[in-house]
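Accompanying notes for the structure given below.
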Amino acid sequence: MSVETINTLVVGAGQAGVAMSEHLSLMGVPHIVLERHRIAERWRSERWDSLVANGPAWHDRFPGLKFEGISAEAFPPKERMADYFEAYADKVQAPIRTGVEVQQVERHVGRPGFKVTTSAGIIEADNVVAATGPFQRPSIPNIVPETAPLHQLHSCAYKNPGQLPEGAVLVVGAGASGAQIAEELQKAGKTVYLSVGEHYRPPRAYRGRDYCWWLGALGLWDEVKIQPKKKHVAFAVSGYEGGKTVDFRRLAHQGINLVGVTQDWNDGVMTFQPGLAENVAEGDRAYFDVLRDADAYIEANGLPFPLEPEAWELLPDPECLVNPILSLDLAAAGVTTILWATGFKLDFSWLKVNAFDEKGEPFHKRGISAQSGIYFLGLPNLVNRASSFIYGVWHDAKYVADHIVLQNEYRAYQKEPG
Numbered sequence: 000m001s002v003e004t005i006n007t008l009v010v011g012a013g014q015a016g017v018a019m020s021e022h023l024s025l026m027g028v029p030h031i032v033l034e035r036h037r038i039a040e041r042w043r044s045e046r047w048d049s050l051v052a053n054g055p056a057w058h059d060r061f062p063g064l065k066f067e068g069i070s071a072e073a074f075p076p077k078e079r080m081a082d083y084f085e086a087y088a089d090k091v092q093a094p095i096r097t098g099v100e101v102q103q104v105e106r107h108v109g110r111p112g113f114k115v116t117t118s119a120g121i122i123e124a125d126n127v128v129a130a131t132g133p134f135q136r137p138s139i140p141n142i143v144p145e146t147a148p149l150h151q152l153h154s155c156a157y158k159n160p161g162q163l164p165e166g167a168v169l170v171v172g173a174g175a176s177g178a179q180i181a182e183e184l185q186k187a188g189k190t191v192y193l194s195v196g197e198h199y200r201p202p203r204a205y206r207g208r209d210y211c212w213w214l215g216a217l218g219l220w221d222e223v224k225i226q227p228k229k230k231h232v233a234f235a236v237s238g239y240e241g242g243k244t245v246d247f248r249r250l251a252h253q254g255i256n257l258v259g260v261t262q263d264w265n266d267g268v269m270t271f272q273p274g275l276a277e278n279v280a281e282g283d284r285a286y287f288d289v290l291r292d293a294d295a296y297i298e299a300n301g302l303p304f305p306l307e308p309e310a311w312e313l314l315p316d317p318e319c320l321v322n323p324i325l326s327l328d329l330a331a332a333g334v335t336t337i338l339w340a341t342g343f344k345l346d347f348s349w350l351k352v353n354a355f356d357e358k359g360e361p362f363h364k365r366g367i368s369a370q371s372g373i374y375f376l377g378l379p380n381l382v383n384r385a386s387s388f389i390y391g392v393w394h395d396a397k398y399v400a401d402h403i404v405l406q407n408e409y410r411a412y413q414k415e416p417g
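Position 53 of the sequence shown, counted from 1, bears residue number 52 in our numbering, the numbering being contiguous throughout.
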């Protein structure tokens, strides 16, 4: 049986894989993109029904294609995002094969390149780009046993309030996903407890400009002024209901019960760490830092942006911040569901190459891995904080494609005789 050969094989046809394909095509690199499901499948089937993009349509896109029939300031719904990437793939004529799963990648012995085992056969590739993104395997902390008399699900399995049983809900995790889902459930008539830990809480918009604009204007995407930051801190910003700042005090005054970090489970009683008020206050500090920096930028550049004094006002501390709940008998509180909005873990178990550090995480610099010919794309902070966002992954892909071209030239070089 003949084995297909290709210069570069891209694994995954989400935003990273589509961006990678465009740049490889522009640079004349023969390649194929393999996707085990449909293009941008995670947008279609692995998120809740009301999900929208985290940034406005003018920003959360690739340079070569604007959204049609939607306001530039709107936050496109998830199906529209999936359609966008499908249209973009068609526009750049990306050589994508859907319904093909990459099962294993291993380096050849005694010769360059890699053997790629797929559900459709063997492919040999000089380069492999892992463009599977950061949302690979749901991460659920080992706190509540699966045998507990509760309905437990991860946020990637949540669709809408109607799928949950009667009763109250404990949402664990207060980043963009947890905050949006908690508010949706509360508005649907559910009693909701929201477990809030450390988080970064910027304004959705300020003085007439969206936060995505401020990220660019203030150099925060590029992180030129490096600020120490904690890993795995929730990013509490969303485009929910047309885009509004995630405000935990507002959520509490609406009727959502804020609790601290979920700590332990003992015979139906959940305990929470102290420090809820401190975490909310730390989020407030980050919020006000953005406002201060924005004001300074406006003044320094003489911009005619309208004042927004109300943005500096905080609602009064709700009772759940003043007297936090440290333990909760879930049955007595009527909680029948725990929804884990606790993020994801990477899963590169299919990549059998020397491209990982001692912790099993990708060992790379700007996506160029320690294993020659293996590349990563779409991971958080691959280059900077923009790398796992639509805006950033397109630019990262250009850099990776350029490196692939350079390495191809090294391999093709033959010294002239004489």
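The beta carbon of each residue, even a glycine, is placed where N, CA and C say it ideally should be.
Please return the same chain residues whose Cβ sits closer than 6 angstroms to the Cβ of residue i, not counting the five positions on each side in sequence.
{"i": "Ala-369", "result": "Ala-354, Phe-362"}
{"i": "Trp-213", "result": "Ala-293"}
{"i": "Ala-181", "result": "Val-170, Val-191, Leu-193, Ile-255"}
{"i": "Val-382", "result": "Arg-365, Asp-395"}
{"i": "Tyr-239", "result": "Gln-179"}
{"i": "Glu-165", "result": "none"}
{"i": "Lys-397", "result": "His-22"}
{"i": "His-402", "result": "Ile-367"}
{"i": "Tyr-199", "result": "Val-232, Phe-234, Ala-285"}
{"i": "Arg-35", "result": "Glu-100"}
{"i": "Lys-344", "result": "Arg-136, Ser-138"}
{"i": "Trp-47", "result": "Tyr-157, Lys-158"}
{"i": "Leu-149", "result": "Ile-337"}
My guess is that residue i and residue j are in contact by the Cβ rule of under 8 angstroms, so how many angstroms apart are they, rounded?
{"i": "Pro-133", "j": "Pro-379", "result": "5 angstroms"}
{"i": "Asn-256", "j": "Cys-319", "result": "6 angstroms"}
{"i": "Asn-126", "j": "Gly-372", "result": "5 angstroms"}
{"i": "Ala-130", "j": "Ala-15", "result": "4 angstroms"}
{"i": "Trp-393", "j": "Phe-74", "result": "With 8 angstroms as the limit, Trp-393 and Phe-74 do not qualify as a contact, their Cβ atoms being about 19 angstroms apart."}
{"i": "His-252", "j": "Leu-313", "result": "Between Leu-313 and His-252 the Cβ distance is about 11 angstroms, and since that is not below 8 angstroms, they are no contact."}
{"i": "Val-323", "j": "Val-258", "result": "For clarity, residue 323 is Pro in the given sequence; the question names Val instead. Contact holds; Cβ gap of about 7 angstroms."}
{"i": "Glu-45", "j": "Cys-155", "result": "5 angstroms"}
{"i": "Val-104", "j": "Val-352", "result": "6 angstroms"}
{"i": "His-30", "j": "Pro-94", "result": "7 angstroms"}
First and last residue of the beta strand (DSSP E) that includes residue i?
{"i": "Arg-106", "result": "101–106"}
{"i": "Ala-40", "result": "For clarity, residue 40 is Glu in the given sequence; the question names Ala instead. Not the beta strand (DSSP E): Glu-40 falls in the alpha helix (DSSP H), residues 40–44."}
{"i": "His-153", "result": "150–153"}
{"i": "Ser-194", "result": "191–194"}
{"i": "Arg-365", "result": "Where Arg-365 is concerned, there is no enclosing beta strand (DSSP E), given that its DSSP letter is neither H nor E."}
{"i": "Val-170", "result": "167–171"}
{"i": "Tyr-374", "result": "373–375"}
{"i": "Ile-95", "result": "95–97"}
Tell me residue i's beta-bridge partners as DSSP assigns them.
{"i": "Tyr-83", "result": "In DSSP, Tyr-83 forms no bridge with anything."}
{"i": "His-30", "result": "Thr-7"}
{"i": "Ser-326", "result": "Thr-270"}
{"i": "Asp-209", "result": "Ala-204"}
{"i": "Ala-124", "result": "Ile-5, Phe-113"}
{"i": "Pro-137", "result": "Phe-343"}
{"i": "Asn-256", "result": "Tyr-192"}
{"i": "His-198", "result": "Ala-233"}
Using the Cβ count rule (16 or more neighbours within 10 Å means buried), how would you classify residue i?
{"i": "Pro-273", "result": "exposed"}
{"i": "His-22", "result": "buried"}
{"i": "Gln-179", "result": "buried"}
{"i": "Asp-246", "result": "buried"}
{"i": "Leu-250", "result": "buried"}
{"i": "Lys-90", "result": "exposed"}
{"i": "His-58", "result": "buried"}
{"i": "Tyr-412", "result": "exposed"}
{"i": "Tyr-390", "result": "buried"}
{"i": "Tyr-297", "result": "Just to set this straight, residue 297 is Ile in the shown sequence, not Tyr. Ile-297 comes out buried."}
{"i": "Thr-4", "result": "exposed"}
{"i": "Lys-358", "result": "exposed"}
{"i": "Thr-261", "result": "buried"}
{"i": "Ala-88", "result": "buried"}
{"i": "Glu-85", "result": "buried"}
{"i": "Gln-185", "result": "buried"}
Near residue i, which residues of its chain fall below 8 angstroms by C-beta distance, leaving aside the five closest residues on each side in sequence?
{"i": "Leu-290", "result": "Pro-202, Tyr-205, Ala-310, Trp-311"}
{"i": "Ala-147", "result": "Trp-264, Gly-267"}
{"i": "Ile-69", "result": "Ala-56, Pro-75, Arg-79"}
{"i": "Ser-386", "result": "Gly-377, Leu-378, Pro-379, Asn-380, Val-392, Asp-395"}
Between which two residues does the alpha helix (DSSP H) carrying residue i extend?
{"i": "Gln-262", "result": "Careful: Gln-262 lies outside any alpha helix (DSSP H), inside the beta strand (DSSP E) at 261–265."}
{"i": "Tyr-286", "result": "275–300"}
{"i": "Ala-18", "result": "14–25"}
{"i": "Val-321", "result": "318–321"}
{"i": "Arg-60", "result": "Counting along the chain, Arg-60 falls outside any alpha helix (DSSP H), and DSSP gives it neither H nor E."}
{"i": "His-394", "result": "389–411"}
{"i": "Ile-180", "result": "175–186"}
Among residues of its own chain, excluding the 5 on either side of residue i, which ones have a beta-carbon nearer than 7 angstroms to its beta-carbon?
{"i": "Glu-183", "result": "Ser-49, Pro-160"}
{"i": "Thr-341", "result": "Ser-138, Ile-139, Pro-140, Val-171, Gly-172"}
{"i": "Ala-71", "result": "Pro-55, Ala-56, Trp-57"}
{"i": "Trp-42", "result": "Lys-77, Met-80, Ala-81"}
{"i": "Thr-270", "result": "Gln-262, Asp-263, Leu-325, Ser-326"}
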